[in-house]
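Everything below concerns the one structure shown next.
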Amino acid sequence: MGYANLSQCLADLEAQGQLKRVDAELDPYLELAAVQRRAFRAKAPALLFTRVKGTRFPMLANLFGTHERLRYIFRDSLRAVDAVLAAKADPMAALRRPWRSLPALPGLVHMLPRVKRVQGRDGGRGGRAPVLECSCNLADLPRLTCWPRDGGPFITLPLVYTEDPDRPGLNASNLGMYRVQLAGNAYAPDEAGLHYQIHRGIGVHHAHALAQGRELPVHVYVGGPPALSVAAVMPLPEGLSELRFAGLLGGRRMALARCPGLRLPVLAEADFCISGRLVPELKPEGPFGDHVGYYSLRHDFPVLKVDAVHHRRNAVWPFTAVGRPPQEDTVFGDFIHELTAPLVPQVFQGVLEVHAVDVAGVHPLLLALGSERYTPYEAQRKPRELLTAALHLLGATQTALAKYVLLAAHEDAPGLRARDVPAFLRHVLERADFSRDLHFLTRSTSDTLDYTGSGLHEGSKLIWASAGEKRRELALEPRALPDLPEGFSEARVAGPGMLVLRGPAHSLERGEPDPRLEDLARCLEAWPNREGFPLVAVVDDPAFCAAGLDNFLWVVFTRSDPATDSYGAHAQTRAKHWSCAAPLILDARLKPFHAPPLEEDPAVTRRVEALAAPGGPLHGYF
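In this note's numbering, the protein residues as written are 83 to 704.
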């Protein structure tokens, strides 16, 4: 049976040696986040900080810090989850062999939330809602600030609950993890900033409320059964609410309470509940050091007017610290991939496997394996069905945020896996025909956190689909490289077929092609060994970029816009189709309009290292 609340989970982890208490006082301003990042890298236990400066509430770090701990937390329900999702993926198989679906039956019961009605906000008469037992002010909550340029303190593991004003109730509800800024900028003491992506469920709810001229009721939860945090970031099939999935994953029905004076039901076993409303007002939110490894900058976002803050007795405030991946949210991503892998062929026609590359910032780079069966009678295989599959990927769920979509045909290499990033890239580079394989979507929607495009929420996408026989041998040494144009130097190899060059500092405006990159492309046309390096990246620091594949992927795909920053040998546009010969050149230099990369405060780094030194309260944890 799963955990009813966070306290039960922590007691179990502590008994297993997977949670350690830290009784020394630590600062939520930068210090705790630095500790979290190091704890994750060291695969340390979860850490419960019992004395946090400026708040009476203990704070919890690294709860989901290892894959093993995440699987342990949900050990009793994973079989039922697999069975339910498998049945969703292939319901006919479940009908043909119903005995194989028997493990799903207990899980189906857990997907029905348990709703109680309480008479007062203290959770007393008529039922029990522990989260309503106590109240406090917004200023009493922990003020976690993770990076030096952050605009204020943020909730980094929020559970934001809304319902559709047009269809109130659980079936059309949304529980999402959207960051919440607690203070700073121009926020009043009873206000918070709510940042959400335009394609998420809350965006639909907010739009409906605005169309009706109404405020949107919102509950922001912190803590509670661990299944809620996973459910909040799951790309669930249409019609399956996050609360129902949380019950399935958590191995017990989610406890809800309806309380007089609150327009939304309450997650009874949460640790904190911030009740409020999105008012028709925008205020600057951010900056915030985000999971792509850069700051998301200050922009106008909706204002959450806070009406009340409640918490359970002995409440614990869980948090994470995001930054350049991998971080704790990487474990979430891997776990979710395991759970949802059986659904991929059903959700995306023609797609067998997808992998959002975490080290590249997740959304900038998506790898996919698909089928290429449309024209088996043709002598030369070409990407056709793969293009249809790519459009499916860019038309639904979180894959719609992808910037570079690289697809390979399963039939060309049946043993290839999208999660084997080095092998996948090698496969595509060996087969790439840049006269046909590149397809651009311009002025498209983009990830809010991506500043490489033409504006906020707007940028381009590249579908790169390769099918057919191997065309070239990839090189590991740039032999006979011609004299490069002025400003280009320091050729380094990042991997088979991947060359890195230093380029001059970028100084152009958004969307402007760089004549210097066009000169470079013309220069490389005469390179006799250019087929051995079909991908060339121009960067600011070649030594860093080529030091490992993770660095290469992060730099190249987070710092380039496909439509603006793609160049190539013998480039031409014919019938609106841009093509080139090898090499394809990507301009991955930092641009003046990009967000700055994340860097720790050196003084904080020294303090944390001292805490972890022999005799320090964190010695032995990382």
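Even glycine gets a Cβ: it sits at the ideal position worked out from N, Cα and C.
- With respect to the C-alpha of Leu672, the residue from Val200, Glu363, Ala86 and Tyr533 having the closest C-alpha is Tyr533.
- Pairing Ala692 with Ala126, the inter-Cα distance amounts to about 17 Å.
- Contact between the stretch 323-332 and the stretch 352-362 is not established, with fewer than three Cβ pairs separated by less than 8 Å.
- Nearest in C-alpha terms to Glu594, of all of Phe675, Phe615 and Arg561, is Phe675.
- By the neighbour-count criterion, in which a residue is buried when 16 or more other Cβ atoms sit within 10 angstroms of its Cβ, Lys552 is exposed.
- In its chain, beyond the 5 residues on either side, Ala450, Gly452, Leu468, Ala472 and Ala547 have a beta carbon closer than 6 Å to the beta carbon of Leu489.
- Unbroken beta strand (DSSP E) runs of no fewer than 3 residues, entirely contained in the stretch 386-442, are found at 399-401 and 433-438, following chain order.
- Nearest to Gly99 by alpha-carbon distance, out of Arg123, Ala116, Ala128 and Val117, is Ala128.
- For Gly614, the three-state secondary structure derived from DSSP is helix.
- Taking each of Ala478, Gly371 and Ala663 in turn and checking the Cα distance to Val404, the smallest one comes out for Gly371.
- Arg261 counts as buried, since at least 16 other C-beta atoms from the protein chains shown sit within 10 angstroms of its C-beta.
- Cys627: member of the alpha helix (DSSP H) spanning Pro624 to Cys627, first to last residue.
- Residue nearest to Glu460 within the set Val388, Gly550, Ala438 and Leu379 is Gly550 (criterion: CA-CA distance).
- Under the rule that a run must span 4 or more residues, the alpha helix (DSSP H) segments found entirely inside the stretch 500-541 read 503-513.
- Taking a contact to require three or more Cβ pairs closer than 8 Å, the stretch 573-582 and the stretch 609-619 qualify as touching.
- The beta carbons of Leu421 and Val163 sit about 6 Å from each other, so the pair counts as a contact at 8 Å.
- Rounded to whole angstroms, the Cβ separation of Thr402 and Leu239 is 6 Å, and the two are in contact under 8 Å.
- Bounds of any alpha helix (DSSP H) do not take in Asp669; it lies within the beta strand (DSSP E) bounded by His659 to Asp669.
- Under the three-state reduction of DSSP output, Leu447 falls in the strand class.
- In this structure, the CA atom of Glu681 is about 8 Å from the CA atom of Trp229.
- Going by DSSP, Gln654 is part of the beta strand (DSSP E) stretching over Ser648 to Arg656.
- Taking Ala500 as the centre and dropping the five residues before and after it, the same chain places the C-beta of Glu435, Val436, His437, Leu449, Ala450, Leu451 and Phe506 closer than 7 Å to its C-beta, in chain order.
- Counting along the chain, His301 sits inside no alpha helix (DSSP H); it lies in the beta strand (DSSP E) bounded by residues Leu298 to Val304.
- Under the three-state reduction of DSSP, Asn256 is assigned to strand.
- In the structure shown, Pro644 adopts helical secondary structure according to DSSP, grouped into three states.
- Taking the Cα of Ala645 as reference, the smallest distance to any Cα among Asn219, Ile545 and Pro624 is reached at Ile545.
- Tyr703 carries a coil assignment under DSSP once its states are collapsed to helix, strand and coil.
- By the beta-carbon neighbour count (other beta carbons within 10 angstroms, threshold 16), Ser571 is exposed.
- Note that the stretch 389-402 does not touch the stretch 653-662; fewer than 3 beta-carbon pairs, one per stretch, sit closer than 8 Å.
- For Leu558, there is no enclosing beta strand (DSSP E), as DSSP marks it with neither H nor E.
- Assigned with DSSP and collapsed to three states, Glu551 falls in coil, not helix or strand.
- Rounded to whole angstroms, the Cβ separation of Leu475 and Phe522 is 15 Å, and the two are not in contact under 8 Å.
- The three-state reading of DSSP puts Phe327 in helix, counting H, G and I together.
- The three-state secondary structure of Thr481, taken from DSSP, is helix.
- Annotation: the continuous alpha helix (DSSP H) that includes Pro684 extends over Pro684 to Leu693.
- Boundaries of the alpha helix (DSSP H) harbouring Arg153: His149 to Ile155, taken from the DSSP string.
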